[in-house]
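Counting from 1, position 528 in the sequence shown corresponds to residue 600 in the working numbering; the numbering is continuous, with no gaps.
All C-beta atoms, glycine included, are put in the ideal place defined by N, C-alpha and C.
Right, one structure below, let's go through it.
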Amino acid sequence: MKSVVNSKVKKPVKAQKMAHSSQSIKSPSLAKSSKSTQSKRLSKTRQGDAVLTEIVRNGVLAVTEEMKINLMRTAYNMIIYEALDFTVGLYTATGETVSIGLGLPSFIRGMSNTIKAKIEHFGSNVGPGDILVTNDAYITGSHLHHFTFSIPIFFEGVLCGWSCCMAHWPDVGGVLGGVTTDIFSEGLQIPILKYQTAGVVNQDLVDIIFNNVRIPERAMGDLRAQIIAVTTGERRFLELLKRYGRQNVLTSIERIMDNSEAKARAQTRSIPDGVYEAESFMDDDGIDIGKRIPIKVRVIKKGEHMTIDLSGVSPQVRGFYNSGPSTGISCAQVAYKCLTSALDYPINEGSFRSLKTIVPEGTVVSAVKPAAMRWWMTYPMTVIDTVFKAMHQAMPDQVIAGHHADLGLGMVNGISPKDGRFFMGSVGPSGGGWGAKRSEDGMSATVCMNDGDTHNNPIEQTEAKFPLLFLKHSLRQDSGGAGRFRGGLGTEQVVMARSSLNFNAQVDRMHCQPWGLEGGQSGMGNQVTIKLAGVVQDQFPNAKVLMKRLNAGDTFTLLTGGGGGFGPPKEREPERVAHDVRQGYISRAAAKDTYHVALKSTGEVDTHATHNLRTRAVD
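Set out below in structure tokens:
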């Protein structure tokens, strides 16, 4: 297999000089700037100035935050305005990341690569008032549900950047639930097109989208919300350019990236040189049940450079768990950002200049057409988890044990008894347990690491919009891996159907349980069960329920995994164990049998009995 991508993506064709809307458009690298009087004054006093750089740094953060807020306020579907399944961002004229507003960190490379692909596709044939769109899964790296809109930002006739928004649409046509084995069954495919040219909307494209989705009014509402987001980015970035001058702002952005690069390189130098490897697996691809999917990573650290080699990751699978090459790079970038510059904002291209990613063509994180991509997000989470597992050898004080690594989603659809109209929605994303660190317990009920700021949909809204009733939503006792520091707890949700509906879940990591480190135990894996006519159906050995019909009164249960523990359980402070029992995090049986802590009837530690238990315990 040939290696097709790395973190330094080949630069696409730059915008060239052309006539468009009676305005001459110049590339920044080809034309002299036509500065205003204010720009000339600022260029003499502030170019390269640290104060101005800090103003611009906060300015681009404010722009992407406003883009994010406006999208949430105007979107029609909960997956955007509540779950925050989107990312917005500002980019340079060549498509390099300036600032992104999370949303999902796993979109970082997909959005940048999508803009670069649009630049390469149209060349110089873009101008003011244009809006470009695609949902090409092999460019974005995700699935057809992610529509990506981008606006070229022109100032004084020069292309100065891009405003972009990638957001999840619940429906883009295609089959509902069940198994897909190619991209063509998964919905409407929009190649790189102009949604708008010089301010004029492509109504033919809008009509095609409208006629290929099941709830068009919601799709059109989310489309308009994304347009609001990207036009907000354009307007606010232009205000920065007008206030401080084009060259001053662009120079400040270069300095911001250089500063981020310096921080990442400095932290990378502090990591011991070496080659670090780890492996894990996924349960299966939903078709070949029980056939494990290998996830192997190799990290090479030398000086201030790091290479993350994903050549050992499984070839693309027949099922729908593949993702495109942008996601392979994102896996490496998310892991590297966490290890070297997690607190450096805005998230920008500079943080990744010292990282190289090797992603051979045709893996589950670099799939090629016509691979199915519908559940693209599941395997990348474990790729990142496994990078941390490898880096435990080099930096044990800074990495976590394994985490639940799944969205824990339950998807529903049917005909609403309220109005007789078709509905589709989801329960989740469900929080689960994160792995413990060498110095602290893991977080409980927290979304998986690829999902950043993503939230679960509020129970009250879910019950109001869909014929569902939540019977239980709680922490899952004993789900966190035992250790000197305990893994975080998963969650348990029991949901009853109030009318007939279809249910499906594509959960993984049931068998590849979140691993512990340095003697810590694994957390529980993810799991799904359903109860039909009062009888529990637990014959789902891979935690995947592919389109089951539920009638009123039937229930489904989503159980998310816990995080792995860190260090031997018998080294956990007895008082911590007693506290966990009082809080319901662990059972009395686990306190005695796993942590070797004896408790009195009052819940207090029996010091003498505990000493005897731990003395007799075998490591």
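Please confirm whether residue i and residue j have their CB atoms less than 8 angstroms apart.
i	j	result
S184	G173	no
E258	R390	no
V440	L382	no
T136	G182	no
G201	L312	no
Q533	E154	yes
G559	G514	yes
I187	S222	yes
M329	G250	no
D550	S659	yes
I299	L204	no
C232	A189	no
H215	W448	yes
Determine the direct distance from the alpha carbon of residue j to that of residue i, and round the result to whole angstroms.
i	j	result
G635	D279	46 angstroms
R113	L310	Note that R113 scores 42 on pLDDT, short of 50, meaning its location in the model is unreliable; the coordinates nonetheless yield the value given after this. In a straight line, the C-alpha of R113 is about 18 angstroms away from that of L310.
G195	S171	24 angstroms
T269	F179	26 angstroms
L411	Q593	23 angstroms
G41	Q585	Examination of residue 41 is not possible in this model, given that the chain is present from 73 through 691 alone.
V244	T304	25 angstroms
I127	H193	34 angstroms
K509	K409	18 angstroms
S680	I141	Looking at the sequence itself, residue 680 is His, so the reference to Ser does not match. In a straight line, the C-alpha of H680 is about 57 angstroms away from that of I141.
S398	T526	20 angstroms
G497	P242	8 angstroms
M354	Y451	7 angstroms
L162	W234	6 angstroms
R548	G562	5 angstroms
A36	V608	The first residue shown for the chain is 73 and the last is 691, placing residue 36 beyond what the model contains.
K401	V431	A quick correction: the sequence has Ile, not Lys, at residue 401. Near 7 angstroms, if we compare the C-alpha coordinates of V431 and I401.
K107	Q275	Note that K107 scores a pLDDT of 40, beneath 50, so its modelled location is shaky and nothing firm can be said.
A336	D469	18 angstroms
N529	N614	25 angstroms
T169	N420	5 angstroms
I380	A444	25 angstroms
Q599	N576	13 angstroms
L133	G505	30 angstroms
I281	N522	28 angstroms
S111	R315	Here S111 scores only 43 on pLDDT, less than 50, and its place in the model is too uncertain to base an answer on.
G500	G591	32 angstroms
Q326	P418	It is Glu, not Gln, that sits at residue 326 in the sequence shown. Computed Cα separation, rounded: 12 angstroms.
Among the residues of its own chain, which have a CB less than 7 angstroms from the CB of residue i, if the five just before and after it don't count?
i	result
G346	K373 and A466
E676	A650
R686	K642 and H668
A663	V649, V653, V669 and L671
E138	T304 and R308
S332	S413, D416, N420, G422 and S423
R341	G375 and E376
Which partner residues of residue i appear in the DSSP bridge assignment?
i	result
H377	K374
S498	M483
G173	V160
F219	A239
R621	N574
Y47	As displayed, the chain neither begins before 73 nor continues past 691, which places residue 47 out of reach and without an answer.
A569	L540
E564	S546 and L631
L589	F638
P224	W234
L204	S222 and K266
Using a C-beta cutoff of 8 angstroms, does residue i count as contacting chain B?
i	result
M521	You won't find chain B in this structure, because it holds only one protein chain.
Short of 6 angstroms in beta carbon distance, which residues of its chain neighbour residue i, apart from the five on each side in sequence? Order them along the chain.
i	result
K616	G358 and Q578
A477	M453, T454, D457, C520 and R581
N623	S572
S324	L124, T125 and V128
N485	L248, M496 and N574
I531	F542
Q611	none
L589	H464, A473 and F638
A462	Y348, E349, A350, V369 and V371
E306	I223, I225 and S235
A517	G503 and T563
A147	Y153, D294 and A297
Here's a check: name, in chain order, each residue in its chain whose Cβ is nearer than 8 angstroms to the Cβ of residue i, leaving out the five neighbours to either side.
i	result
I152	L143, M144, F158, A239, H240, D294 and A297
T627	L543, V566, V567, M568, A569, I602 and K603
### Task
With a floor of 4 residues, list each alpha helix (DSSP H) that falls wholly inside the stretch 428 to 495, ordered by position along the chain.
Within the stretch 428 to 495, the complete alpha helix (DSSP H) runs of at least 4 residues are 450 to 463.
### Query
Taking the runs of the beta strand (DSSP E) that are 3 residues or longer, which of them lie wholly in the stretch 598 to 650?
Counting whole runs of 3 or more residues, the stretch 598 to 650 contains the beta strand (DSSP E) stretches 599 to 604, 607 to 609, 616 to 622 and 627 to 631.
### Message
To test your reading of the DSSP string, which unbroken beta strand (DSSP E) runs of 3 or more residues are found completely within the stretch 230 to 312?
### Response
If we require 3 residues or more, the beta strand (DSSP E) runs fully inside the stretch 230 to 312 come out as 230 to 240 and 265 to 269.
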